[in-house]
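Here the structure comes first, spelled out in structure tokens, and everything after it is commentary.
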Amino acid sequence: MYLEHFGLTEPPFSLTPDTGYFFSYGHYADALNTLLVALKTGEGFIKVTGEVGTGKTLLCRKLLNILDDGFVTAYIPNPMVTPYGLLTAVAEELGINIDRHYGHHQLLKMISGRLIQSMAEGKRVVLCMDEAQAMPIETLESLRLLTNLETEKSKLLQVVLFAQPELNDKLNREEIRQLKQRITFSYTLAPIDKTGMSSYVSHRLMTAGYQGGELFSTPALHDLYKASRGIPRLINILSHKAMLVGYGKGEHMVTPAHVQVAVKDTEDAQLRPHLQPLKLKDLMQGGIWVALSLTLAALAGALVQSA
Ligand SMILES: Nc1ncnc2c1ncn2[C@@H]1O[C@H](COP(=O)(O)OP(=O)(O)OP(=O)(O)O)[C@@H](O)[C@H]1O
Ligand SMILES: [Mg+2]
6 MYLEHFGLTE PPFSLTPDTG YFFSYGHYAD ALNTLLVALK TGEGFIKVTG
56 EVGTGKTLLC RKLLNILDDG FVTAYIPNPM VTPYGLLTAV AEELGINIDR
106 HYGHHQLLKM ISGRLIQSMA EGKRVVLCMD EAQAMPIETL ESLRLLTNLE
156 TEKSKLLQVV LFAQPELNDK LNREEIRQLK QRITFSYTLA PIDKTGMSSY
206 VSHRLMTAGY QGGELFSTPA LHDLYKASRG IPRLINILSH KAMLVGYGKG
256 EHMVTPAHVQ VAVKDTEDAQ LRPHLQPLKL KDLMQGGIWV ALSLTLAALA
306 GALVQSA
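Take any residue in the sequence shown, note its place counting from 1, add 5, and you have its number in this note's numbering.
This is how it looks when you write it as structure tokens:
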């Protein structure tokens with residue numbers, strides 16, 4: 006009903022990182038190109054950080070989608086594993102048949118064999134790890150050891166870490182300072198700017214089959230930006246809720262009133278009032294009040310003394 010009401014073929018603001026919705030604007034296009042270039046030039050360790058909900062998982066999936074036949078890819082969505090668990094996951098991703106009795110050393114040997122084989126076939130192997138901030142320190146260290154596998158000329162394994170900024174705190178720890186040095190390429194994914202956000206909203210609506218005119222009024226977009234701070238996940242949550250409110254009222258355009266209801270219902274969103282910069286006039290007025298209060302206090306003191 007909701008879809009029909011707005012003339013959509015599917016929900017436009019779903020929270021799953023669907024690459025069909027990838028918005029290749031500004032820094033998203035930039036991030037993707039940067040990653041492609043870095044991987045093609047053989048960078049060993051690449052790091053992409055961004056606040057919660059800024060689009061790291063989607064970027065990671067998009068990257069995996071567009072890497073051509075020249076690459077063999079391995080994707081580890083949840084690296085909260087032991088060093089042994091990491092090796093097992095990498096081996097499985099590379100299509101190695103593993104026996105559960107294999108020890109650490111044997112696993113490493115098989116992975117190394119597969120990497121050498123891929124290189125001989127003229128392919129680069131890329132390991133993408135999402136949520137890398139959750140990796141235990143020992144596992145980060147064993148990841149570094151994994152990238153030690155190299156020929157005289159190039160790395161056998163390239164790694165891209167996608168992580169929330171807490172990864173940087175981990176990398177500052179003494180025990181893994183060697184890993185930090187290995188990261189030759191870093192990219193920070195920022196939230197979307199205001200102009201970008203309007204295009205982002207239209208892009209998602211159009212991808213979901215919308216063909217009508219402006220669906221979000223300009224003031225509604227303004228409030229949406231203020232409340233979401235340009236963070237795609239929040240934009241999606243708020244847009245979806247605002248459209249539901251509009252639908253509930255039988256309206257075809259999303260207005261600030263709808264956005265406000267959505268904001269009230271969303272934990273991390275806030276329509277903060279503008280803080281006006283203090284003007285000299287206000288300070289002067291403040292000064293007069295202070296002077297008056299002091300005079301009154303002095304008078305009161307004098308009265309008490311004379312009594
Ligand atoms: N470039 C983009 N184009 C289209 N949609 C995007 C883009 N970036 C993010 N989104 C959307 O925003 C939402 C959050 O994105 P994603 O899950 O990738 O964020 P994240 O940075 O991985 O978050 P977390 O830190 O919680 O893991 C998803 O619904 C995703 O589809
Ligand atoms: Mg994610």
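Here a beta-carbon is modelled for each residue, glycine too, at the ideal position from N, C-alpha and C.
Nothing here was measured: the structure is a model prediction, and the numbers come from that model.
query	result
Under 7 Å: does the beta carbon of ARG238 sit that close to some heavy atom of ligand 1?	yes
By Cβ distance below 8 Å, which residues in the same chain neighbour SER191 in space, the five residues on each side in sequence not counted?	ILE51, LYS52, VAL53, THR54
Of the choices GLY217, MET140, VAL266, whose alpha-carbon is the least far from that of LEU8?	GLY217
Rounded to whole angstroms, what is the Cα-Cα separation between TYR30 and GLY201?	7 Å
Please specify which runs of the beta strand (DSSP E), each continuous and at least 3 residues long, are wholly inside the region 195-225, giving them in chain order.	none
With a CB to CB cut of under 7 Å and the five nearest residues on each side skipped, what residues in its chain are close to LEU120?	VAL130, LEU154, LEU161, LEU162
Output the boundary residues of the alpha helix (DSSP H) element that contains ARG129.	ARG129 -> not in any alpha helix (DSSP H); beta strand (DSSP E) instead, spanning 129-134.
Taking GLY381 as the reference, which of ILE242, LEU176, THR24, LEU249 has the closest Cα?	Residue 381 cannot be examined here, being either before or after the span of the chain that is shown, 6 to 312.
List the whole-angstrom C-beta distance separating HIS10 from LEU194, where the pair is believed to meet the contact cut-off of C-beta under 8 Å.	No, HIS10 and LEU194 are not in contact; Cβ-Cβ is about 34 Å, not under 8 Å.
For LYS61, is the beta carbon positioned less than 7 Å from some heavy atom of ligand 2?	yes
Buried or exposed: VAL164, going by 16 or more other Cβ atoms within 10 Å of its Cβ?	buried
What does the alpha-carbon distance come out to for the pair LYS284 and ASP198?	Only weak support exists for where LYS284 lies, its pLDDT of 44 falling under 50; the coordinates are left without a value.
Take SER203 and list the residues in its own chain whose beta-carbon comes closer than 6 Å to its own, dropping the five residues that flank it on each side.	LEU226
Going by the CB atoms, is the gap between ASN83 and THR24 shorter than 8 Å?	no
Indicate, with yes or no, if ligand 2 has a heavy atom lying under 7 Å from the CB of GLU136.	yes
Are the CB atoms of PRO224 and PRO261 within a distance shorter than 8 Å?	yes
Kindly list the residues whose CB is nearer than 8 Å to the CB of GLN265, restricted to its own chain and excluding five residues on each side of it in sequence; keep chain order.	ASP228, LEU276
Please classify THR24: does DSSP put it in a helix, a strand, or coil?	helix
Reducing DSSP to helix, strand and coil, say where ILE188 ends up.	strand
When the distance is taken between beta carbons, is HIS208 closer than 8 Å to PHE28?	yes
Looking at GLU98 and ALA331, is the spacing between their C-beta atoms short of 8 Å?	Any question about residue 331 goes unanswered here, given that the chain covers just 6 to 312.
Rounding to the nearest angstrom, what Cα-Cα distance links ILE142 and ILE103 in this structure?	25 Å
Can you name, in chain order, every residue of its own chain whose Cβ lies under 7 Å from the Cβ of ASP273, other than the five neighbours on each side?	LEU239
Answer with buried or exposed for HIS110, where buried requires no fewer than 16 other C-beta atoms within 10 angstroms of its C-beta.	exposed
Is the CB-CB distance between LEU176 and LYS185 below 8 Å?	yes
Compute the distance between the beta-carbons of LEU68 and LEU37, then report whether it is under 8 Å.	yes
Among VAL250, GLY255, ILE181, LYS254, which residue has its Cα nearest to the Cα of VAL268?	VAL250
Helix or strand or just coil, what does DSSP make of GLN122?	helix
Mind checking ASP135: buried by the 16 CB within 10 Å criterion, or exposed?	buried
Using the three-state DSSP reduction, which class does ILE142 fall into: helix, strand or coil?	helix
Output needed for SER147: all residues of its chain with C-beta closer than 8 Å, excluding positions within five of it in sequence on either side, in chain order.	PRO88, LEU91, LEU92
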